[in-house]
DNA sequence: TCCTTTCTTGGGTATTTTGCCAAATAGCCA
DNA sequence: TGGCTATTTGGCAAAATACCCAAGAAAGGA
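Protein chains in written order, with this note's numbering: chain A, 1 to 100; chain B, 101 to 200.
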């Protein structure tokens with residue numbers, strides 16, 4: 001595989017890796033309904049707040065979400081609504097039993 | 101996060117994890133053009149054939165591809181063309197620089 | 001200033017993923 | 001059967017991820 005081609009697929013996979021975790025998919029669904037602060041997401045997810053913060057950092061570095069500080073809270077919001085078409089496709093795959 | 105909800109997101113993330121590798125994304129693109137045997141994919145990818153075979157196994161277990169044996173060759177083909185709409189979305193994300 | 005709340009970062013450990021080699025399996029043909 | 005090609009599987013070491021705890025940073029109120 002040629003280097004420039006490889007770079008292209010690596011860029012794609014970086015974004016997909018950010019999506020490849022149940023907690024992060026859950027967070028994206030919640031943010032699709034509207035912005036949430038970290039403490040709200042932490043309550044919904046039910047993990048340590050530092051864990052939730054790190055998941056949010058992964059999604060932000062992938063360019064999927066952004067945040068805004070207001071007071072001592074940080075509100076996150078979805079940047080890419082098209083992620084949900086994609087999730088729709090994934091759900092079609094999960095509904096179809098794998099071969100064998 | 102409630103158990104049944106968690107199961108749902110775990111199922112989604114299992115499929116997305118299968119997509120989260122540059123070599124596997126490359127293979128999916130090649131299979132979108134038509135079926136290929138392992139040796140053809142190996143030549144295009146340029147990795148050890150056992151590595152390519154394992155990537156194909158990951159994609160198959162996720163329900164994204166299937167295979168057919170003909171003679172002593174194994175031909176793989178794409179099961180889910182919708183994967184490409186979704187790649188289109190990913191490319192939009194990669195074209196937009198991440199915040200900060 | 002001090003205390004509280006909210007969030008991020010550092011660090012250690014545990015788990016998962018990756019990629020190569022070597023060995024095993026399977027089909028074809030002589 | 002023997003040899004050849006195509007592919008999968010086992011195993012291992014290296015790299016990447018995940019999660020919790022503890023510590024740090026930033027904002028607000030007393």
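C-beta: ideal position from N, C-alpha, C; glycine also. None of the values given here were measured: they were computed from a predicted structure.
{"Item": "Please check the pair residue 109 of chain B and residue 81 of chain A, which I expect to be a contact at CB under 8 Å, by giving their CB distance rounded to whole angstroms.", "Value": "That belief does not hold up - the Cβ atoms of residue 109 of chain B and residue 81 of chain A are roughly 19 Å apart, past 8 Å."}
{"Item": "Over the uninterrupted beta strand (DSSP E) stretch that includes residue 168 of chain B, give me the two end residues.", "Value": "165-170"}
{"Item": "Counting only beta-carbon atoms, is residue 25 of chain A nearer than 8 Å to chain B?", "Value": "yes"}
{"Item": "Got a sec? Which residues, its chain only, sit under 7 Å from residue 144 of chain B by beta carbon, not counting five neighbours each side?", "Value": "130"}
{"Item": "Check whether the segment 62-80 of chain A and the segment 149-165 of chain B are in contact - that is, three or more C-beta pairs closer than 8 Å.", "Value": "no"}
{"Item": "Closer than 8 Å, CB to CB, is residue 33 of chain A near chain B or not?", "Value": "no"}
{"Item": "Are there 16 or more other CB atoms within 10 angstroms of the CB of residue 159 of chain A, so buried, or fewer, so exposed?", "Value": "Look at the range of chain A in this structure, 1 to 100, and you will see that residue 159 of chain A is not part of it."}
{"Item": "Shortest alpha-carbon distance to residue 186 of chain B belongs to which of B/107, B/141, B/116?", "Value": "B/116"}
{"Item": "I want to verify the contact list: residues of chain A whose CB lies under 9 Å from the CB of residue 148 of chain B, in sequence order.", "Value": "Within chain A, no residue comes near residue 148 of chain B; the closest Cβ sits about 13 Å away, beyond 9 Å."}
{"Item": "Given this structure, state the Cα-to-Cα distance separating residue 104 of chain B from residue 41 of chain A, to the nearest angstrom.", "Value": "18 Å"}
{"Item": "Compile a chain-ordered list of the residues in the segment 1-31 of chain A whose CB is closer than 7 Å to at least one CB of chain B.", "Value": "1, 6, 9, 10, 11, 12, 13, 15, 16, 17, 19, 20, 21, 22, 25, 26"}
{"Item": "If you draw a straight line from the C-alpha of residue 126 of chain B to the C-alpha of residue 77 of chain A, how long is it?", "Value": "31 Å"}
{"Item": "Along chain A, which residues have their Cβ under 8 Å away from the Cβ of residue 164 of chain B?", "Value": "93"}
{"Item": "Could you work out which residues of chain B lie near residue 86 of chain A, taking near to mean beta carbons separated by less than 7 Å?", "Value": "186, 189"}
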